[in-house]
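Adding 393 to a residue's 1-based position in the sequence shown gives its number in the working numbering.
Note that CB positions come from ideal geometry on N, CA and C, so glycine has one too.
Written out below as structure tokens is the structure these notes cover.
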Amino acid sequence: MVIVEKVQRSDIQCVDKRKYLVPRDLTVGQFAAVIRKRICLPSEKAMFLFVDNILPATGALMSELYNEKKDEDGFLYVVYSAENTFGRNSQQCGASLI
């Protein structure tokens, strides 16, 4: 089970669904595409996924990340952030990246 949260100071939309069951063979890049689609992220914005304050490789398997980085509660916590090339104001919802 993967829990997804937005970095608080990011100017990206909040995701409407926070909990995901992901297939073992899903890559980080494929998972990022799922999140991009759920938040309707425009093409002029970049999105970054972080696990334990680390930017994982897009080709890494989500199952590998889960096995290496899952929390004591059994969940893998993923936070996402975006860069807007046009510099929009940030929204105030989500997780903070420490």
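Top-ranked residue by Cα proximity to residue i, from the options
i      : options                        : result
Gly422 : Ser436, Met440, Asn460, Gln401 : Met440
Met394 : Gln401, Tyr413, Gln406         : Tyr413
Met465 : Asp445, Gly452, Val400         : A small correction: the amino acid at residue 465 is Glu; Met does not occupy that position in the sequence shown. Closest option to Glu465, Cα to Cα, is Asp445.
Ser403 : Asp418, Leu442, Lys462, Arg431 : Leu442
Asn460 : Arg431, Arg417, Ser474, Ala426 : Arg417
Coil, strand or helix - residue i by DSSP
i      : result
Ala425 : helix
Met394 : coil
Lys462 : helix
Lys410 : coil
Ser456 : helix
Identity of the residues DSSP links to residue i by a beta bridge
i      : result
Phe468 : For Phe468, which the question treats as bridged, DSSP gives no partner whatsoever.
Limits of the beta strand (DSSP E) - the one that residue i falls within
i      : result
Leu442 : 438-444
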